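Trainee: Sharing a structure below in structure tokens format, with a few things to ask.
Number of protein chains: 2
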Amino acid sequence: MNNNTHFEEKLRSAGLRPTRQRLKMCEILFDRKKTFHFTIEDLRKILKKKLDTKISQATIYNTINAFKNKGYIKEISLNSDKTYFDTNVTNHHHFYNETTNELVDFHDNDVEEIKLRKNLPGKKIKSIEVLVKVSNK
Amino acid sequence: MNNNTHFEEKLRSAGLRPTRQRLKMCEILFDRKKTFHFTIEDLRKILKKKLDTKISQATIYNTINAFKNKGYIKEISLNSDKTYFDTNVTNHHHFYNETTNELVDFHDNDVEEIKLRKNLPGKKIKSIEVLVKVSNK
DNA sequence: TCAATATATTAGAATGATTCTAAAGTGTTT
DNA sequence: AAACACTTTAGAATCATTCTAATATATTGA
């Protein structure tokens, strides 16, 4: 199964039609060894470089929102003017370097498991995330 | 020492001139039993209710940014279209209810201390924050 | 106290990320 | 291939936030 077929399946199984634009974005986001962080602007630049035809801004937003809703990417909670996304959708934490604006994943062993001591009746826990803000000394 | 004098001192010691607008905002933000969370819009509504004269939007932003820079309030890391602030500037964590958009402080005992296992040479840790996203069942 | 100076406030314009619109295009199903 | 449903598109609209530059207020020092 080549990548294109693979991504077609991935989209189809989520009820998303495999269009040219979506497949191209799949390639960029998921056809790599390591997960990564990006903003819409980052993605737009990559698309511009890799494509002969243009993808409109609205399509990029639409597609990213669709991928987010399907759990293919997730949004990172961070106070920034732009929204950051992560192709690593597993439960994990982040370092944010305020000096350089770098955003880096925690590795599994970088922090002990977060243990809530509280019961939350009537609530469902969607995520537990740690954000460590650092600066260069 | 009455509150007004108190807030004048507070502003002055931070190098901020005690103006009518800043004093009014101090009252609203700091003259209360419990700390609280707010957006600029929340604050604008409160000001509208409590004031005879109008404070311009720009002044609200300017003042909030000044207070943030002086450490009188802090910004909460949260993916939302609006920026949330907190008058509780101590190190603490949050629950965010995605159904209701409610933002609630952890109490000290709601979570075990976060222990980083990683050394960060050349970096200074500015904050370690946990965000627990929940939804109504 | 009163000018001179420095800082703050203001209304409205500008910016920039994101969403909306509605027309044209593409994918799917029969 | 026709009919239908979904997607893409350019550009307009929206909304939070910042900028501008004119006016007002606070501070300083004689």
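Read top to bottom, the protein sequences are chains A and B. Counting from 1, position 99 in the first sequence corresponds to residue 99 in my numbering; the numbering is continuous, with no gaps. If you count the second sequence from 1, you need to add 137 to reach my numbering. No residue lacks a Cβ here, since even glycine has one placed at the ideal position from N, Cα and C. For clarity, every value in this text was computed on a predicted model and none was experimentally measured.
Leaving out five residues on either side along the sequence, give the residues of the same chain with a beta carbon under 6 Å from the beta carbon of THR236 of chain B.
Mentor: Closer than 6 Å at the Cβ level, and outside the excluded window around THR236 of chain B, lie SER272 and ASN273.
Trainee: Between ASN202 of chain B and chain A, is any beta-carbon pair separated by less than 7 Å?
Mentor: No, its Cβ sits nowhere closer than 7 Å to a Cβ of chain A.
Trainee: In terms of DSSP beta bridges, what is LEU240 of chain B paired with?
Mentor: Answer by DSSP bridge pairing, in chain order: B:TYR233.
Trainee: Among all the DSSP beta bridges, which residues are the ones paired with VAL267 of chain B?
Mentor: Answer by DSSP bridge pairing, in chain order: A:VAL130.
Trainee: Locate the alpha helix (DSSP H) running through THR142 of chain B, then write down its first and last residues.
Mentor: Run containing THR142 of chain B: 140-150, per the alpha helix (DSSP H) assignment.
Trainee: For the segment 115-135 of chain A, which residues have a beta carbon sitting closer than 8 Å to at least one beta carbon of chain B?
Mentor: Those residues of the segment 115-135 of chain A that come within reach of chain B (Cβ to Cβ, closer than 8 Å) are LYS115, LEU116, ARG117, LYS118, LEU120, GLY122, LYS123, LYS124, ILE125, LYS126, SER127, ILE128, GLU129, VAL130, LEU131, VAL132, LYS133, VAL134 and SER135.
Trainee: List, in chain order, every chain A residue whose beta-carbon is nearer than 7 Å to that of ASN246 of chain B.
Mentor: Ordered by position in chain A, the residues that pass the 7 Å Cβ test against ASN246 of chain B are ARG117.
Trainee: For a quick check, are the C-beta atoms of LEU23 of chain A and PHE36 of chain A less than 7 Å apart?
Mentor: Not in contact: LEU23 of chain A and PHE36 of chain A (Cβ atoms no closer than 7 Å).
Trainee: Does any C-beta atom of chain A lie closer than 7 Å to the C-beta of ASN274 of chain B?
Mentor: In the sequence as displayed, the identity of residue 274 of chain B is Lys instead of Asn. Cβ-Cβ to chain A under 7 Å: yes for LYS274 of chain B.
Trainee: DSSP state of THR59 of chain A, grouped into three classes?
Mentor: If DSSP states are grouped into helix, strand and coil, THR59 of chain A belongs with the helices.
Trainee: Would you say GLU239 of chain B lies against chain A (beta-carbon separation less than 7 Å)?
Mentor: No - not a single Cβ of chain A is within 7 Å of the one on GLU239 of chain B.
Trainee: Using only the alpha-carbon positions, how far apart do ASN139 of chain A and PHE106 of chain A sit?
Mentor: In the structure as shown, chain A starts at 1 and stops at 137, and residue 139 of chain A therefore has no counterpart that could be examined.
Trainee: Quick one: list the residues of chain B neighbouring ASN79 of chain A, beta-carbon separation under 8 Å, in chain order.
Mentor: Result: GLU212, ILE213, SER214, LEU215 and THR220.
Trainee: Can you name the residues of chain B whose CB is closer than 8 Å to the CB of GLU98 of chain A?
Mentor: Per Cβ cutoff of 8 Å: LYS263.
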